[in-house]
Each structure stands twice: as structure tokens, then as C-alpha cells.
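Colleague: Numbering (the working numbering), first residue to last: 1048 to 1423.
For glycine and all other residues, C-beta sits at the position ideal for the given N, C-alpha and C.
For clarity, every value in this text was computed on a predicted model and none was experimentally measured.
Can you read through this structure? Questions will come right after.
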């Protein structure tokens, strides 16, 4: 008989061996993969060596964890540090942002590096303020607030950035036409995109702020989330062609070797739950992006700024939900492709497949409402 901790250890090892995703910032894997990259030492992510070789996870708070927090939280940022260097087989110490005894626990785990006002604490608070660990938004958010870890920590390529810039350029063309007329559209759009996606875009949009009659804070928060909406719209556009194939593989992949009764009872219905709920999440994301599309169309085509003003005011709250949902989909696709990269799906045993599905369901928020499979 296997004991319950075995699943926890397996999950930790799988997490340590995986790549970073929109739900996981795997600094252990980055340092292992790029051990000779001098930029990691010159521009570390954290000043604390323990944190800099840890794993950050966007974690959905489980029912039994709710009492750990002073106020109700659906998700939080979980910090995991291996107890033995980079070997998670020996377990990990962890903290969760917002837990009641955070300062005391952080001092015991890290020392004074996470004391209020210290740079590592500020970085964690900035990470916690984002809905996901998507590398582009994380990098830009940290830069906007004065922190620039080495680019190697962020899994985003020059090709990704170029495609995203081109997508956003096409999106903002109507606003360029509205503000600058028909002449020089492409050049004006390129400049607007550069300003919009820079770490300090606000001054470039001063006329828009005056038109919308927003306070400095509401406008700055709204513009940052507007950037997030444009980015996630690009993300969904990029993910959609890959999502169908991943869903097909999830629904058909058969584990090798012996399959316990527990695995049979869990895996079969889990496939259906994942297929149905991923589709529902995509629909929800499209609905939120539709709110933005309608508001932007009203501003640029109809000359009515009220809807766009309302969008910018509502954007911060919507951005969190949008980011969590997009992040869950990004995580599923990127983790699945990391584990099963080839055209022919790599072999997997039933226990590992259960762990993968459990992780996906956790990210989509199902574990609260479903019984946990018993460990055979």
C-alpha cells in the first residue's frame, strides 16, 4: 500500500522538473538549465539565494487552508523552497502570501530577507498582485516598479514579442486613426504600441485621459489592465490552434502498465470534466474580451467614449479574473507540451496521469467541489 505522502512527493518532483508556466515560476529549473549563464548571477530574481532557487506557484486556496488567512482568498502566491538544495524529493518548505503568520514564518524560513520594505518582499508583493505568472506581464510589471531580473528568467522569445507587437499594432490602429487621422497610420500605430507596452505608457495617452475624465490613479490602473487585456487577447489567439490537439490527447491518452481501480474511477470522468470545463473557461475569456471589444469599438468607431471609460474603471477587477482563467489554460497547454512534446505521445503510467489531471483540475478550481481520489 502506498501512503498519501507519496503523491505529494511525486507532485513536487514533477513540479521541479517542469518548465515555468503561467501558474509556475520555476527558478530551480532555470538555474539548472542555464547554470553557466552569467546574467543570472549579475541580475538575480531574488537577493535571497534560497528564494532564487525556489518555485513560485499561483495556488488555489483549498478549503482546509482557509483558516490560515485573515481574509478570504480564492488564490494566493505560494513560495516553495527545497529543503535540500534543489532536490524536492526531500520535500520543500513553503509560505503563502497573505497567511496570518507570514512575517514570523518568513523569518524562520528565509531570515530577514522578506522583512517589510526589503526588495525580495516587494517583488513577492508585486507578483502576488498579478493574476498569473505569465512571463511577459510579470517581466513588464516588475520593470514598471523598478526591478529587472535577467531576461533568462522569463520564457518569452524575441519571436513571441514580435508577434505580440504586430497583433497589438493591428488592434490599436482604429485608435490611431481616431487621434491622428488617416496619414502615417502604420508609423503612428507602431509608436503607440511601443508607448502602450512600455513600462511608463501613461504620458503618451494624456489626451485620452482628459477625454475620459478619469483621475490619475483610475487612469493609470486602467491603462495597465488595458495592456493586460490586449496581451491576453493575443495569448488566446496564439493558444486556440494548439488547444484542440491538446484536448484530443487528454481525451485519448491511455496510461501504460497496471491501472488500479482508483485510477480507473478517477481518470475516465476527469477527462470529461477537463474537456467540458476548459471549453467553459474559453467561453468565459471570450465574453470578457468581448466587453473590451465593444467598449473599444464604441470609442473608435462610434465616437462614444463612455463605454471605454466604464471599461477602464472595471478593468482592474476583470483583469484578475481574465488572467486567472487564461493562466489556467496556458498552464495546461504548456505543461502538457513540456511533458508530451512529440507528435507521438510519450508513455505515462496511471499514477502520473492522475497527478497531471489533478494539477489541471486544481488550476481550474475543481478540487473544492470534488472528492479526492484515494491513493491505492
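(1) Spell out a yes or no on whether the region 1323 to 1343 and the region 1272 to 1283 are touching, meaning 3 or more CB-CB pairs, one atom from each, closer than 8 Å.
(2) Would residue 1126 be called buried (16 or more neighbouring beta carbons within 10 Å of its own) or exposed?
(3) Report yes if the C-beta distance between residue 1404 and residue 1317 is below 8 Å; otherwise report no.
(4) Can you tell me whether DSSP reads residue 1158 as helix, strand or coil?
(5) Can you check the region 1061 to 1126 for any beta strand (DSSP E) of at least 3 residues that lies completely inside it and give the ranges in chain order?
(6) Whose C-beta lies closer than 8 Å to the C-beta of residue 1229 among residues of the same chain, with five residues either side of it excluded?
(7) CA-CA distance, residue 1099 and residue 1147?
(8) For residue 1396, does the three-state DSSP call read helix, strand or coil?
(9) Give me the DSSP bridge partner(s) of residue 1303.
(10) DSSP three-state call for residue 1180: helix, strand or coil?
(11) Answer yes or no: do residue 1124 and residue 1074 have a C-beta to C-beta separation smaller than 8 Å?
(12) Would you call residue 1424 buried or exposed, if buried means 16 or more other Cβ atoms sit within 10 Å of its Cβ?
(13) Going by C-alpha to C-alpha distance, which of 1220, 1369, 1326 and 1301 sits closest to residue 1035?
(14) Only counting the same chain, and skipping five residues up and downstream in sequence, which positions put a Cβ closer than 7 Å to that of residue 1184?
(15) Beta carbon of residue 1167, beta carbon of residue 1095: below 8 Å?
(16) Rounded to whole angstroms, what's the CA-CA distance from residue 1419 to residue 1079? Just pull it up for me.
(17) So, is residue 1301 buried or exposed, given that buried needs 16 or more other C-beta atoms within 10 angstroms?
(18) Determine the extent of the alpha helix (DSSP H) in which residue 1353 is found, giving its start and end residues.
(19) For the region 1320 to 1334 against the region 1282 to 1298, are there 3 or more C-beta pairs whose distance is under 8 Å?
(20) What does the Cβ neighbour count give for residue 1086, buried or exposed, with the cut at 16 atoms within 10 Å?
(21) Sorted by chain position, which residues of the same chain lie with C-beta nearer than 6 Å to residue 1406's C-beta, five sequence neighbours on each side aside?
(22) Cα-Cα, which of 1174, 1200 and 1106 is closest to residue 1081?
(23) Out of 1218, 1321 and 1361, which has the shortest C-alpha to C-alpha gap to residue 1401?
(24) Going by C-alpha to C-alpha distance, which of 1186, 1319 and 1259 sits closest to residue 1197?
(25) Do you know whose CA, among 1191, 1157 and 1397, lies nearest residue 1036's CA?
(26) Distance, Cα to Cα, residue 1344 vs residue 1221?
(27) For the alpha helix (DSSP H) that contains residue 1319, what are its first and last residues?
(28) For residue 1138, which three-state DSSP category applies?
(29) Expressed to the nearest angstrom, what Euclidean distance is found between the alpha-carbon atoms of residue 1408 and residue 1191?
(30) Skipping 5 residues on each side, what residues in its chain have a beta carbon closer than 6 Å to that of residue 1363?
(31) Per DSSP, which residues does residue 1288 bridge with? Please list them.
(32) In the DSSP assignment, the alpha helix (DSSP H) including residue 1175 goes from what residue to what residue?
Modeller: In terms of the structure at hand:
(1) The answer is yes - the region 1272 to 1283 touches the region 1323 to 1343, with three or more Cβ pairs under 8 Å.
(2) When all chains shown are included, residue 1126 counts as buried.
(3) A contact, by the Cβ cut-off of 8 Å.
(4) For residue 1158, the secondary structure class from DSSP, reduced to helix, strand or coil, is coil.
(5) Runs of beta strand (DSSP E) with 3 or more residues, each lying fully within the region 1061 to 1126, are found at 1071 to 1073 and 1102 to 1107, listed in chain order.
(6) Residue placement at residue 1229 is poorly supported in this model, since its pLDDT is 49, which falls under 50; the coordinates still yield a value, given next. Leaving aside the five residues that flank residue 1229 on each side, none in its chain has a CB nearer than 8 Å to its CB.
(7) Cα to Cα, the separation comes out at about 24 Å.
(8) In the structure shown, residue 1396 sits in a strand (DSSP, three-state: E or B).
(9) Its beta-bridge partners are 1396.
(10) Coil at residue 1180, not helix or strand.
(11) Not closer than 8 Å, so no.
(12) This structure gives no information on residue 1424, because the portion of the chain shown stretches from 1048 to 1423.
(13) Beyond the ends of the chain as shown, which are 1048 and 1423, falls residue 1035; an answer cannot be given.
(14) Close CB contacts of residue 1184 within its chain, under the 7 Å cut and outside five residues either way in sequence, are with 1177, 1275 and 1278 (chain order).
(15) Less than 8 Å separates the beta-carbon of residue 1167 from that of residue 1095.
(16) Here residue 1419 scores only 43 on pLDDT, less than 50, and its place in the model is too uncertain to base an answer on.
(17) Around the C-beta of residue 1301, fewer than 16 other C-beta atoms lie within 10 Å, and the residue is accordingly described as exposed.
(18) 1353 to 1386 is the extent of the alpha helix (DSSP H) around residue 1353.
(19) Flag = yes, the region 1320 to 1334 and the region 1282 to 1298 touch.
(20) Here residue 1086 is exposed. Its C-beta has fewer than 16 other C-beta atoms within 10 Å.
(21) Contacts found: none.
(22) Nearest C-alpha to residue 1081: 1200.
(23) Among 1218, 1321 and 1361, the Cα nearest to that of residue 1401 belongs to 1321.
(24) Check the Cα spacing between residue 1197 and each of 1186, 1319 and 1259: the tightest is with 1186.
(25) Residue coverage of the chain in this structure runs from 1048 to 1423, which leaves residue 1036 outside it and unanswerable.
(26) For residue 1344 and residue 1221, the distance between alpha carbons rounds to 8 Å.
(27) Taken as a continuous stretch (DSSP letters only), the alpha helix (DSSP H) holding residue 1319 covers 1308 to 1347.
(28) Residue 1138 falls in the strand class under three-state DSSP.
(29) The alpha-carbon of residue 1408 is positioned some 33 Å away from that of residue 1191.
(30) Contacts found: 1268 and 1272.
(31) According to DSSP, which records beta bridges pairwise, residue 1288 is partnered with nothing at all.
(32) 1166 to 1175 is the extent of the alpha helix (DSSP H) around residue 1175.
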